[in-house]
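Q: This is the structure I have questions about; it appears just below.
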Amino acid sequence: MKSISSASVNSNISRGKLSAILNGKTNTVRGETIRKLIKGLKLKLNPLNDPTPLINEWMKIKIEDAFFDSLEKLKGIKPNDRIISLLLTYMTIFDRKEKLPYLSRKGILERAIELCTADMNKFTNFMSHRYETMRFTSDMINEMHPFIEGRKDLVKKFLGKIPKKRMKIFAVNYAELTEGDRKIVDAFARNYTRYDLGLEFYVGLPVEL
927 MKSISSASVN SNISRGKLSA ILNGKTNTVR GETIRKLIKG LKLKLNPLND
977 PTPLINEWMK IKIEDAFFDS LEKLKGIKPN DRIISLLLTY MTIFDRKEKL
1027 PYLSRKGILE RAIELCTADM NKFTNFMSHR YETMRFTSDM INEMHPFIEG
1077 RKDLVKKFLG KIPKKRMKIF AVNYAELTEG DRKIVDAFAR NYTRYDLGLE
1127 FYVGLPVEL
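So the sequence shown is numbered by the numbering used here: it starts at 927 and just counts up by one.
Written as structure tokens, this is what we have:
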């Protein structure tokens, strides 16, 4: 760090406040302030050695950056493909009540599906309020753990059986199910592909499966 003044300019934190933080005269530092320090000073952190508060805020920055990068990629694909990407990601995540407590609530997944096809600006705003949904948006575009990618591939092949004109209908009605019923549909989708059932079936609404 060259000087307090230059650090203040780079981090957008007042000189007095920054001086107090660096000299240990501030008992509590807000997360937003820590993120400004990390970004402004371009701090290189080590998850194994650096303080937990710093690592937590650094991880939030990583999530935010990945979120906005993924949004740009989503804007470049067709609305129907965005639905498939959203549905694929949701249907392959384990323990959604724990990992996606907000998105798995009644009405929230349905709202996300509607916005990702109708208005990407509103979708951005809707998904940006929680780190949970920001991370989920990134997972829609970026590769996940190889095991999860394998599950995604199974569900993708199943969804490929659904006519494009009925995809949104299927997605919305899937979202309207209880979480327990969604899991039943998830298992059916994976097993249909995994065991190469080769059955002729009509996929209308999830409740019909």
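Don't be surprised by glycine CBs; every beta carbon is placed ideally from N, CA and C.
#1: In the DSSP assignment, find the unbroken alpha helix (DSSP H) run with residue 1027 in it and report its ends.
#2: For residue 1102, which residues in the same chain have their Cβ closer than 7 angstroms to its Cβ, ignoring the five residues on either side in sequence?
#3: Can you tell me whether residue 1009 is buried or exposed? The criterion is at least 16 other CB atoms within 10 Å of its CB, across all chains shown.
#4: From this set, 1071, 1055 and 1116, which residue's C-alpha is nearest residue 1080's C-alpha?
#5: With residue 939 and residue 954 assumed to form a contact (beta carbons below 8 angstroms), what rounded beta-carbon distance in angstroms separates them?
#6: So, does the region 1042-1060 touch the region 1016-1024, judging by three or more C-beta pairs under 8 angstroms?
#7: Select from 1111, 987 and 1067 the residue whose C-alpha is nearest the C-alpha of residue 998.
#8: Please work out which residues of its chain come closer than 6 angstroms, Cβ to Cβ, to residue 942, disregarding the five sequence neighbours upstream and downstream, and give them in chain order.
#9: Could you tell me the boundaries of the alpha helix (DSSP H) in which residue 1075 lies?
#10: Pick out whichever of 966, 1015 and 993 has its Cα sitting closest to the Cα of residue 1070.
#11: Give me the Cβ distance between residue 1059 and residue 1029, rounded to the nearest whole Å; I'm assuming they're in contact under 8 angstroms.
#12: Ordered along the chain, which non-local residues of its own chain (more than five positions away) have a Cβ less than 7 angstroms from that of residue 984?
#13: Can you tell me the Cα-Cα spacing of residue 1050 and residue 952, whole angstroms?
#14: How is the alpha helix (DSSP H) around residue 1096 delimited, first residue to last?
A: Here's the rundown:
#1: Taking the sequence shown and counting its residues from 1, one reaches residue 1027 at position 101. Note, residue 1027: premise wrong, no alpha helix (DSSP H); not H, not E.
#2: Taking the first residue of the sequence shown as 1, we reach residue 1102 at position 176. Once the five neighbours on either side are set aside, the close Cβ partners of residue 1102 are 1036.
#3: Residue mapping note: residue 1009 aligns to position 83 of the sequence shown, counting from 1. Under this definition residue 1009 is a buried residue.
#4: Position 154 of the sequence shown, counted from the first residue, corresponds to residue 1080. Per the Cα distances, 1116.
#5: In the sequence shown, counting from the first residue as 1, residue 939 sits at position 13. In the sequence shown, counting from the first residue as 1, residue 954 sits at position 28. 15 angstroms between Cβ atoms; not a contact.
#6: no
#7: As a first step, residue 998 must be located in the sequence shown, where it is residue number 72. For the residues 1111, 987 and 1067, the minimum Cα distance to residue 998 belongs to 1067.
#8: The sequence position of residue 942 within the sequence shown is 16, counting from 1. Correct list: empty, nothing qualifies.
#9: For the purposes of this step, residue 1075 is identified with residue 149 of the sequence shown, where counting begins at 1. Residues 1072-1085.
#10: Translated into the one-based positions of the sequence shown, residue 1070 becomes position 144. Out of 966, 1015 and 993, 1015 has the C-alpha closest to the C-alpha of residue 1070.
#11: In the sequence shown, residue 1059 corresponds to position 133, counting from 1. In the sequence shown, residue 1029 corresponds to position 103, counting from 1. Residue 1059 to residue 1029, Cβ: 6 angstroms. Contact.
#12: What you label residue 984 is simply residue 58 of the sequence shown in a count that begins at 1. Cβ neighbours of residue 984 beyond the five flanking positions: 964 and 971.
#13: Taking the sequence shown and counting its residues from 1, one reaches residue 1050 at position 124. Taking the sequence shown and counting its residues from 1, one reaches residue 952 at position 26. So the two alpha carbons sit approximately 35 angstroms from each other.
#14: Here residue 1096 refers to the residue found at position 170 of the sequence shown. Counting along the chain, the alpha helix (DSSP H) containing residue 1096 begins and ends at 1090-1101.
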